[in-house]
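Numbering (our numbering), first residue to last: 226 to 740.
So, in C-alpha cells, the structure goes:
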C-alpha cells in the first residue's frame, strides 16, 4: 500500500528523498515513488512491513487537496479493487464489488472513462526505473530504433504476458504501450484487456496486421492471439522479449549480451526458463548460459510456497543426506510434507523443470527462515533483498560447458550457504553473500562472452532487476570492466515490458524478411 502526503515537507518527516526524487514526486505524472524510510517514523508499521521503502505520492486531484485540508501527516492509499481484479470506475460497480471491504463510499457525478492504476517508479542512477507504467505515462509513445524509420511497416500488436500484462501497438517507428492491465487470471481482468485493445485501436486509428505473442500455450493472451483472424502471427520467446524491450527503449538494434532474470518464462525446450543469458538482437537470440534445471515441486504451487524450492535445492545438493544437516528450518517444516515433496521430485510427479533465478531467490529466502509462503508475487525475493546487510563475502560458483553454452551449477552455492547457516552466520550477512555470488557469476559470464563473441554491450532485464542491490552491484562491476550497460527507464524490467519486446521483435523479423 502507498501513502499520500500533502506536500514534500510532510514527506520529509517519514522518508528520505533526493532532489531528483522530489522532482518526480511533483512532476505532472505524480507517480508513486519508492522512498527509503526514515528510522522511527510515525507511519504505522503495518504499512510496507519487512520493507525499507515506502511508496509515496502527492495529491493529484482536487478531491485529494480537499481531504488534506485536515492536515494529516499522511494517508494510506490503495486502489479501489479486490486483489487481482481491475479497479472499479463506476459507482454501481464499486458498491457491488467493494462493499465487503469498504465502510464508506465517496461518489462523484463525473464519470471515469478509462481505468488506469497509479504508476510506480523509483530513482536509480539519477534516472527513472519504472516498476509499473500507467497513469501519467500512458499512452506516450516510445520511439524505436532508427532502423525502423522511413520503412513501410505493418502495425503490430504485442499481446503481453500472463502477469503484469500490458498491450503494445506500433504505428510506424513508434510503440504505444498500454497502462498496466494486471494478471490475466480472472474474467474481470480479461474483459479489461479486451477493452484496452479496442481503446488503443480507436485512439491510434489503426488495426494490427501482425500479432506477437508469448510461446506459453496456456497463456490467455496467447490463446486469444491464435484465434484472431489476422494473417501474420509471430511467437516470441519470453526472455527474448525482455531483452528486446530493453533494446527498444534505447533505440538499439545491434547484438547484445542479455541477462534475462525472472521467475517464469516458457522456454524453447518446453521447460520453465528464468535465469537466462542470451546473445540477442531484435530478430533472434542464442541461449549461451543458464542455471541448471531443477524440479519445481508442485508446479505453480511452489511459486506461492517458497519452502518447496528450498527443499528442491537441498535435495539437489545433498540428496538423502539433507536430513542430516543442522538446519533450523528443517525442524520447522512438516516432515511428512517434506518427504512427500522429495518423492514427487524423485518420480517427476507434477515437478516441471526450471532454470529460474527468481525461484532461487525464493528458495534462499525460505532456507534463511524469512518467508515460507507468499501473499503476493516476488514477496520472498523482496524480503531477502531488504534483509541483507553489507558484507564482502560470496559463495562458490561453478558451471559446466558444452557446445559453447554454460550451465550454472546450484550445488556449490547451496553447500557454502548451508555451511554458513550451520556456523551461525547472521542471516543478513548470508543474504548479502548470496547476492554477491550472483554478481560475480554474471560478471564472469559477461567477460567470457565478450571474449567469445566480441560484444561489449550488455542489457539487463527481467523482474529480478527490480532488486536494487543486484542491479547496482552488477552495473558497477560491469562498468568497472568497461562494458556499456543498458537498463530500463521507460518500461518496467518486469513483465510489464514484455508487450513492447514482443512487438519490436515482430517488427525486426518483418524487416529482416523484407530485406
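Cβ coordinates follow ideal geometry from the N, Cα and C atoms, glycine included.
Counting along the chain, the unbroken beta strand (DSSP E) around residue 436 starts and ends at 435-439. A direct Cα-to-Cα measurement between residue 519 and residue 539 gives close to 11 Å.
Under the three-state reduction of DSSP output, residue 675 falls in the helix class. When the beta-carbon positions are compared, residue 467 and residue 733 stay at least 8 Å from each other. Listed as beta-bridge partners of residue 514 by DSSP are 502 and 631.
Residue 502 places its beta carbon less than 8 Å from that of residue 670. Ranked by how close their Cα comes to the Cα of residue 464, the residues 439, 448 and 446 have 439 in first place.
Around the beta carbon of residue 569, 16 or more other beta carbons lie within 10 angstroms, which makes this residue buried. For residue 710 and residue 561, the gap between their C-alpha atoms comes out near 47 Å. Closest in C-alpha terms to residue 417, from the list 587, 314 and 577, comes 314. Here residue 400 carries a strand assignment [DSSP, helix/strand/coil]. When secondary structure is reduced to three states using DSSP, residue 236 falls in the helix class. Look at the beta carbons and you see the region 418-430 not touching the region 629-637: under three pairs across the two are nearer than 8 Å.
Taking all protein chains in view, the Cβ of residue 241 is surrounded by fewer than 16 other Cβ atoms within 10 Å, so the residue is classified as exposed. If you look at residue 422, you'll find it in the alpha helix (DSSP H) that goes 412-429. Judged by DSSP in its simplified three-state form, residue 733 adopts helix. Below 8 Å, too few C-beta pairs join the region 466-482 and the region 515-530 to call them touching: fewer than three. Secondary structure note for residue 589: it is in no beta strand (DSSP E), and the uninterrupted alpha helix (DSSP H) holding it is 582-592. Here the alpha carbons of residue 630 and residue 310 stand approximately 41 Å from one another. In the DSSP assignment, residue 485 falls within the unbroken beta strand (DSSP E) covering 481-491.
Check the Cα spacing between residue 427 and each of 339, 510 and 605: the tightest is with 339. The DSSP-derived three-state label of residue 290 is helix. Rounded to whole angstroms, the Cβ separation of residue 346 and residue 249 is 6 Å, and the two are in contact under 8 Å.
Straight across, the Cα-Cα distance linking residue 430 with residue 607 is about 41 Å. Under DSSP, the beta-bridge partners assigned to residue 626 are 631. By the neighbour-count criterion, in which 16 or more other beta carbons inside 10 Å mark a residue as buried, residue 226 falls on the exposed side.
Collapsing the DSSP output to three states places residue 724 in a helix.
It is roughly 10 Å from the alpha-carbon of residue 377 to the alpha-carbon of residue 735.
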